[in-house]
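In full-length UniProt numbering, the protein residues as written are 1 to 191.
To start, the structure itself, in structure tokens.
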């Protein structure tokens, strides 16, 4: 692979994953609601420095361009591991509370992915090209979908990076107009 192609490939596949997430029935119902914007620097909100050091020691992040329906693309690289590029992106769209997990997983599973148990509300992984792993998960307590794309050696670590990012994704980070999460709260519905 020529130098620079890896970053471009990660960007294209990550932005493509952003478009794959919504079930077609929702898209056929009319235009999608605008995605929810994070308050402050998005990459620092999705992967704070302390969690970045735990998940990707020695990596530094850079906020790349955003797609029309998802948050910025956060790209992480390390001088010690120059052959590895990790990206993280999110898409926060309100969903109907009755949306089934199978509906959420369908686009990734139909593209050759496999389900990842015990990761968010629903999660799946796929290897779109050799040497790349893409993991997509729907958060339990926010209307957000997070995607980690790992290019290079050690791609199995992508699942743990996504698990760490899901822990950092909290309703308090979303602006008030994001509305209530679609998953039931842990407080049993108490005010």
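Quick reminder that beta carbons are idealized off the backbone N, C-alpha and C, glycines included.
In this text, all values refer to a predicted model and were calculated from it rather than measured experimentally.
Just mark residue 75 as buried or exposed, buried being the case when its beta carbon has 16 or more other beta carbons within 10 Å.
Stepping through the chain shown from its first residue, residue 75 is reached at position 75. With 16 or more Cβ atoms within 10 Å of its Cβ, residue 75 is classed as buried.
Between the Cα of residue 43 and those of 58, 79 and 89, spot the shortest distance and give me the residue it belongs to.
As a working mapping, residue 43 is identified with position 43 in the chain shown. When only C-alpha atoms are compared, the closest one is 89.
Do you know whose CA, among 117, 138 and 151, lies nearest residue 104's CA?
Within the chain shown, the letter at position 104 stands for residue 104. Answer by Cα proximity: 138.
Which residues share a DSSP beta bridge with residue 151?
Counting from 1 along the chain shown, the entry for residue 151 is found at position 151. 85 and 132, per the DSSP bridge assignment.
Who are the near neighbours of residue 152 in its chain, counting only those whose CB is closer than 6 Å to its CB and skipping five residues on each side?
Your numbering for residue 152 matches position 152 in the chain shown. 83 and 84, listed in sequence order.
Grab me the residues of residue 148's own chain with a C-beta within less than 6 Å of its C-beta, minus the 5 sequence neighbours each way, in chain order.
Within the chain shown, the letter at position 148 stands for residue 148. Counting only Cβ-Cβ distances below 6 Å, and skipping sequence neighbours, we find 88, 135, 158, 161 and 162.
Just verifying my parser: in three-state terms, what is the DSSP assignment at residue 200?
Residue 200 is absent from the model: the chain starts at 1 and stops at 191.
Between the Cα of residue 156 and the Cα atoms of 47, 80, 126 and 140, which residue gives the shortest distance?
Numbered from 1 along the chain shown, position 156 holds the residue referred to as residue 156. Closest by alpha carbon: 126.
Do residue 142 and residue 169 have their beta-carbon atoms positioned less than 8 Å apart in this structure?
The sequence position of residue 169 within the chain shown is 169, counting from 1. The sequence position of residue 142 within the chain shown is 142, counting from 1. Taking 8 Å as the Cβ cut-off, residue 169 and residue 142 qualify as a contacting pair.
Report back the beta-carbon spacing between residue 124 and residue 131 to the nearest angstrom; my notes put them in contact at under 8 Å.
By one-based count along the chain shown, residue 124 stands at place 124. By one-based count along the chain shown, residue 131 stands at place 131. The pair is not a contact, with the Cβ atoms about 19 Å apart (cut-off 8 Å).
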